[in-house]
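Protein chains: 2
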Amino acid sequence: MRATVLHGPRDVRVEDRPDPTVEQPTDAIIRLAAACVCGSDLWPYRGADAVSEPAPMGHEYVGVVEEVGSDVRTVKPGQFVVGTFFASDNTCEICRAGYQTHCVNRQPGCTGSQAQYTRVPLADGTLVATPGQPDADLIPSLLTASDVLGTGWFAADAAQAGPGRTVAVVGDGAVGLLGVLAARQLGAERVIAMSRHADRQKLALDFGATDIVTERGGEGVARIKDLTGGLGAHSVIEAVGTQESMLQAIRATRAGGHVGFVGVSHDVSLPGRELFYSGVHLHGGPAPVRRFLPELIDLITSRTIDPGKVFDLTLPLEQAAEAYRAMDERRAVKVLLQP
Amino acid sequence: MRATVLHGPRDVRVEDRPDPTVEQPTDAIIRLAAACVCGSDLWPYRGADAVSEPAPMGHEYVGVVEEVGSDVRTVKPGQFVVGTFFASDNTCEICRAGYQTHCVNRQPGCTGSQAQYTRVPLADGTLVATPGQPDADLIPSLLTASDVLGTGWFAADAAQAGPGRTVAVVGDGAVGLLGVLAARQLGAERVIAMSRHADRQKLALDFGATDIVTERGGEGVARIKDLTGGLGAHSVIEAVGTQESMLQAIRATRAGGHVGFVGVSHDVSLPGRELFYSGVHLHGGPAPVRRFLPELIDLITSRTIDPGKVFDLTLPLEQAAEAYRAMDERRAVKVLLQP
Numbered sequence: 015m016r017a018t019v020l021h022g023p024r025d026v027r028v029e030d031r032p033d034p035t036v037e038q039p040t041d042a043i044i045r046l047a048a049a050c051v052c053g054s055d056l057w058p059y060r061g062a063d064a065v066s067e068p069a070p071m072g073h074e075y076v077g078v079v080e081e082v083g084s085d086v087r088t089v090k091p092g093q094f095v096v097g098t099f100f101a102s103d104n105t106c107e108i109c110r111a112g113y114q115t116h117c118v119n120r121q122p123g124c125t126g127s128q129a130q131y132t133r134v135p136l137a138d139g140t141l142v143a144t145p146g147q148p149d150a151d152l153i154p155s156l157l158t159a160s161d162v163l164g165t166g167w168f169a170a171d172a173a174q175a176g177p178g179r180t181v182a183v184v185g186d187g188a189v190g191l192l193g194v195l196a197a198r199q200l201g202a203e204r205v206i207a208m209s210r211h212a213d214r215q216k217l218a219l220d221f222g223a224t225d226i227v228t229e230r231g232g233e234g235v236a237r238i239k240d241l242t243g244g245l246g247a248h249s250v251i252e253a254v255g256t257q258e259s260m261l262q263a264i265r266a267t268r269a270g271g272h273v274g275f276v277g278v279s280h281d282v283s284l285p286g287r288e289l290f291y292s293g294v295h296l297h298g299g300p301a302p303v304r305r306f307l308p309e310l311i312d313l314i315t316s317r318t319i320d321p322g323k324v325f326d327l328t329l330p331l332e333q334a335a336e337a338y339r340a341m342d343e344r345r346a347v348k349v350l351l352q353p
Numbered sequence: 015m016r017a018t019v020l021h022g023p024r025d026v027r028v029e030d031r032p033d034p035t036v037e038q039p040t041d042a043i044i045r046l047a048a049a050c051v052c053g054s055d056l057w058p059y060r061g062a063d064a065v066s067e068p069a070p071m072g073h074e075y076v077g078v079v080e081e082v083g084s085d086v087r088t089v090k091p092g093q094f095v096v097g098t099f100f101a102s103d104n105t106c107e108i109c110r111a112g113y114q115t116h117c118v119n120r121q122p123g124c125t126g127s128q129a130q131y132t133r134v135p136l137a138d139g140t141l142v143a144t145p146g147q148p149d150a151d152l153i154p155s156l157l158t159a160s161d162v163l164g165t166g167w168f169a170a171d172a173a174q175a176g177p178g179r180t181v182a183v184v185g186d187g188a189v190g191l192l193g194v195l196a197a198r199q200l201g202a203e204r205v206i207a208m209s210r211h212a213d214r215q216k217l218a219l220d221f222g223a224t225d226i227v228t229e230r231g232g233e234g235v236a237r238i239k240d241l242t243g244g245l246g247a248h249s250v251i252e253a254v255g256t257q258e259s260m261l262q263a264i265r266a267t268r269a270g271g272h273v274g275f276v277g278v279s280h281d282v283s284l285p286g287r288e289l290f291y292s293g294v295h296l297h298g299g300p301a302p303v304r305r306f307l308p309e310l311i312d313l314i315t316s317r318t319i320d321p322g323k324v325f326d327l328t329l330p331l332e333q334a335a336e337a338y339r340a341m342d343e344r345r346a347v348k349v350l351l352q353p
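Chains as they are written, first to last, in this note's numbering: chain A, 15 to 353; chain B, 15 to 353.
1. Tell me which residues of the segment 103-130 of chain A have at least one Cβ-Cβ distance to chain B shorter than 8 Å, keeping chain order.
2. Is there contact here, the segment 108-115 of chain B with the segment 155-162 of chain B, by at least three beta-carbon pairs under 8 Å?
3. Helix, strand or coil: how does DSSP classify H116 of chain B here?
4. Tell me the DSSP secondary structure of D320 of chain B in three-state form.
5. What residue range does the alpha helix (DSSP H) around F290 of chain A cover?
6. The segment 272-290 of chain A: which residues have C-beta closer than 8 Å to a C-beta of chain B, in chain order?
7. By the DSSP assignment, the alpha helix (DSSP H) with P308 of chain B in it spans what residues?
8. Say whether chain B places a C-beta atom closer than 8 Å to the C-beta of S292 of chain A.
9. Buried or exposed: Q147 of chain A, going by 16 or more other Cβ atoms within 10 Å of its Cβ?
10. Taking a contact to mean a Cβ-Cβ separation below 8 Å, would you say H248 of chain B touches R179 of chain B in this structure?
11. Keeping to the same chain, check which residues put their C-beta closer than 8 Å to that of V65 of chain A; ignore five residues upstream and five downstream.
12. Run through chain B and tell me which residues come within less than 7 Å of M260 of chain A, C-beta to C-beta.
13. According to DSSP, is F325 of chain A part of a helix, a strand, or is it coil?
14. Using a cut-off of 8 Å between C-beta atoms, extract the partners of P300 of chain A located in chain B.
15. I want to check one thing, is the minimum distance from the CB of D138 of chain A to the heavy atoms of the ligand ZN below 7 Å?
16. Cα-Cα, which of B:I206, B:L217, B:G222, B:L245 is closest to E229 of chain B?
17. Drop a sphere of 10 angstroms on the beta-carbon of A150 of chain B, count the other beta-carbons inside from all chains shown, and report buried for 16 or more, exposed for fewer.
18. Grab the span of the alpha helix (DSSP H) containing L200 of chain B for me, first residue to last.
19. Below 8 Å on the Cβ atoms is my contact criterion, and I expect G83 of chain B with V36 of chain B to pass it. Report the Cβ-Cβ distance as a whole number of Å.
20. Using 8 Å as the limit for Cβ to Cβ distance, is R204 of chain B near chain A?
21. For P122 of chain A, which residues in the same chain have their Cβ closer than 6 Å to its Cβ, ignoring the five residues on either side in sequence?
22. Kindly identify the DSSP beta-bridge partner or partners of D225 of chain A.
23. Using a Cβ-Cβ distance under 8 Å, would R60 of chain A count as near chain B?
24. Enumerate in chain order the residues of its own chain whose CB-to-CB distance from G190 of chain B is below 6 Å, with the five nearest sequence positions on each side excluded.
25. Can you tell me which residues form a DSSP beta bridge with Y131 of chain A?
26. Beta-carbon of R265 of chain B versus every beta-carbon of chain A: anything under 8 Å?
27. Using a Cβ-Cβ cut-off of 8 Å, state whether H73 of chain A counts as contacting chain B.
28. Reducing DSSP to helix, strand and coil, say where F94 of chain A ends up.
29. Counting only C-beta atoms, is L241 of chain A closer than 8 Å to chain B at any point?
30. Grab the span of the beta strand (DSSP E) containing D30 of chain B for me, first residue to last.
31. Name the chain A residues whose beta carbon is nearer than 7 Å to that of A269 of chain B?
32. Exposed or buried, what is K348 of chain A when buried is set at 16 or more other beta-carbons lying within 10 Å of its beta-carbon?
33. Where does T267 of chain B fall in DSSP's three states?
34. If contact means a Cβ-Cβ distance below 7 Å, which residues of the segment 301-325 of chain A contact chain B?
35. Please state if the CB of G274 of chain A and the CB of A172 of chain A are separated by a distance shorter than 8 Å.
36. Name the residue from A:A269, A:S209, A:A101, A:N119 whose alpha carbon lies nearest to the alpha carbon of E107 of chain A.
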């Protein structure tokens, strides 16, 4: 099959690799209907995370089940499925509490999904089938459910976005933008997107943002306070993962409010005294997307939400290198790859 | 009147000071029925917090209203009241959300309570009257409601202690011990007190601890995991405020679990990446004791709980210096002062 492999910083190649096969009786093989590049793929692409050997890329996936191991019960060949970036058994105590990303049997969610095929471990716990074969135009939205929508949703949930609440969103990447969508869908009264890019501002407004704040850092915090009677937002979604963005999120939250942080933490060290006196709730981490998948699939297939709009560039799989470049240079918010 | 003043590190004196008077129409003057020394008073006592000028000490108080300003409506002279260490209006949006410690009109709760009299600002929002004059033997317990019980209760609430949950408590000072009581009262199934001191272990067991762990740091975390099927506690109360205790608390909590931290943060810097991958909820800070006061007074006056047992030494106010020494040297868990 053809698959995307990262050989080193900025060295993405699409090359021939062996077709994946069932290795464990709990595995499934998926023929990918669509793939995409994640903001977190840019960390190793840029050399910020070390790449010690050629790495098959991609962890977001939708597609048709090609084959299953002998122990797989809940999905079968021919079904269209959405999976998540961690494989989980979905039966342990941690999974049942909704934290499948911390499943006691957790494994990487697939063997690389910027490819024609991928192998998914713990298929029963990890994959959710759609009701029948989805219309082709729903596939981008279903793909977002695999990670960026699920992550934005978790952030909104962790930030307790809901009726009567004002939500601020730090970060205008795909996760932040879908955090806007999630916050509105969860009933938030007001959603303030923090963005200085016209194309992303437009998407934020499409997804339901009621206000745009272009300032960052201390000035951004001051603007959020201005917009909230001096108190700060009830809920803040942090979708970047830097020291500046985390402090911006904490400082933009009112005492007793909630910060949902999902930007993969890279250089963050939180000052304890400031956190103590802030009085905020802090929750986040790798999103347990599996918890939300059934609901997200339902919202997408019923055409209640249209998160697929976050893909502003579509390329054939063979042009994966250009997909990485476009996202790295911020020419695209998120790129869909057609296998 | 006689009042306790800190002049410098380890220099506590009881001396004559002017009686406090009503300065604002929202003030009340309280004749103290009992006072006490707080663990947090030991920071300036030990020189860890700077003392730039002689400081009247004490922020925990119960007593009888002596006089009120012209705007005070909810308490009147002769009533027995319990107050909190921050004065709050209890009407602003932040107060109504239960975060009176962050009231937009917040002030210090009193002008020093290790004394015969103290002035309390924003009396309507800050003070709660007991139903009639309490029996003398209830006064120590009512005094704990003013801070250490209220703080332990907030920590247990922030850690979501409740039915079916296992709670671990880091810190065996008065707040940690009353966190044990709070967790049990909130319905926790199992409460693990972390303590290596026999007298505090006994109090923890009296307050409802089901298990004692004497190990600290990494070994303490390993013991908590052993006791919880390898997963960690659902809820962890942090009542120390150091880097070691915060990391111990976070690491002893299962993914998706809750850390309630109330130890005043002194040298803490939380590693973002570890916090991200921990998947815990973090909430804490200065406890909004006022939120819980009516319920705590009810539990005490109905003799449902007996938090006053945390006082293991009682001294006349004149011996305040000895009270500080006893707590500094850990000869006493908490000292009650009789004005």
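We put the CB at the ideal spot given by N, CA and C, even for glycine.
The answer reads as follows:
1. E107, I108, A111, G112, Y113, T115, H116, V118
2. no
3. For the purposes of this step, residue 116 of chain B is taken as residue 102 along the second sequence, with counting starting at 1. Residue state, collapsed to three classes: helix.
4. Taking the second sequence and counting its residues from 1, one reaches residue 320 of chain B at position 306. Coil.
5. Looking up residue 290 of chain A in the first sequence gives position 276. Unbroken alpha helix (DSSP H) run through F290 of chain A: 286-292.
6. F275, V278, S279, H280, D281, V282, S283, L284, P285, G286, R287, L289, F290
7. The residue given as residue 308 of chain B occupies position 294 in the second sequence. Run containing P308 of chain B: 303-315, per the alpha helix (DSSP H) assignment.
8. Here the question's residue 292 of chain A lines up with position 278 in the first sequence. Output row for S292 of chain A: interface = yes.
9. Against the first sequence, residue 147 of chain A aligns to sequence position 133. Classification of Q147 of chain A: exposed, given that the 10 Å Cβ count is below 16.
10. As a working note, residue 248 of chain B is residue 234 in the second sequence. As a working note, residue 179 of chain B is residue 165 in the second sequence. Result yes, Cβ atoms of H248 of chain B and R179 of chain B sit closer than 8 Å.
11. On the first sequence, residue 65 of chain A is found 51 positions in, with the first residue counted as 1. So the list reads L20, H21, G22, P23, P58, once near-sequence residues are dropped.
12. Translated into the one-based positions of the first sequence, residue 260 of chain A becomes position 246. Chain B residues near M260 of chain A: G286.
13. As a position in the first sequence, residue 325 of chain A is number 311, starting the count at 1. Reduced to three states, the DSSP call for F325 of chain A is coil.
14. Here residue 300 of chain A corresponds to residue number 286 of the first sequence, with the count starting at 1. Correct list: F290, Y291, G293.
15. Of the ligands one can find in the structure shown there are none, so the ligand ZN has no counterpart to examine.
16. Sequence index remark: in the second sequence, residue 229 of chain B carries index 215 (1-based). Ranking the options by Cα distance to E229 of chain B, first place goes to B:I206.
17. To locate residue 150 of chain B, count along the second sequence from 1; it is residue 136. The residue is exposed, with fewer than 16 neighbouring Cβ atoms inside 10 Å.
18. To locate residue 200 of chain B, count along the second sequence from 1; it is residue 186. It is not in any alpha helix (DSSP H) - L200 of chain B carries neither H nor E in the DSSP assignment.
19. Taking the first residue of the second sequence as 1, we reach residue 83 of chain B at position 69. Taking the first residue of the second sequence as 1, we reach residue 36 of chain B at position 22. Yes, G83 of chain B and V36 of chain B are in contact; Cβ-Cβ is about 5 Å, under 8 Å.
20. Position 190 of the second sequence, counting from 1, holds the residue named residue 204 of chain B. R204 of chain B does not count as touching chain A.
21. If you number the first sequence from 1, residue 122 of chain A lands on position 108. Closer than 6 Å at the Cβ level, and outside the excluded window around P122 of chain A, lies no residue.
22. In the first sequence, the residue the question calls residue 225 of chain A occupies position 211. DSSP lists A:I206 as partners of D225 of chain A.
23. Along the first sequence, one-based indexing puts residue 60 of chain A at 46. Closer than 8 Å: no.
24. The residue labelled residue 190 of chain B in the question sits at position 176 within the second sequence. For G190 of chain B, where only same-chain residues beyond five positions count, the Cβ hits under 6 Å are V183, A253.
25. On the first sequence, position 117 is the one that residue 131 of chain A refers to. Looking at the DSSP output, Y131 of chain A shares a beta bridge with A:R45.
26. Taking the first residue of the second sequence as position 1, residue 265 of chain B is located at position 251. No, R265 of chain B lies away from the interface with chain A (no Cβ there is under 8 Å from its Cβ).
27. Reading the first sequence from its first residue, position 59 is the one you call residue 73 of chain A. No, its Cβ sits nowhere closer than 8 Å to a Cβ of chain B.
28. Here residue 94 of chain A refers to the residue found at position 80 of the first sequence. Strand.
29. Taking the first sequence and counting its residues from 1, the one referred to as residue 241 of chain A is at position 227. Answer no: the Cβ-Cβ gap between L241 of chain A and chain B never drops below 8 Å.
30. Locating residue 30 of chain B in the second sequence gives position 16, counting from the first residue. Looking at the DSSP string, the run of the beta strand (DSSP E) that includes D30 of chain B is 25-30.
31. As a first step, residue 269 of chain B must be located in the second sequence, where it is residue number 255. Residues of chain A passing the Cβ test: I108, Y113, H116.
32. In the first sequence, residue 348 of chain A corresponds to position 334, counting from 1. The residue in question, K348 of chain A, is buried, as its Cβ has 16 or more Cβ neighbours within 10 Å.
33. Residue numbering aside, residue 267 of chain B sits at position 253 when the second sequence is read from its first letter. Looking at T267 of chain B - three-state DSSP - the assignment turns out to be strand.
34. The residues in question: there are none.
35. Position 158 of the first sequence, counted from the start, is the residue given in the question as residue 172 of chain A. Position 260 of the first sequence, counted from the start, is the residue given in the question as residue 274 of chain A. Closer than 8 Å, so yes.
36. Start at 1 with the first residue of the first sequence, and residue 107 of chain A comes out as number 93. Residue A:N119 is the option with its Cα nearest to E107 of chain A.
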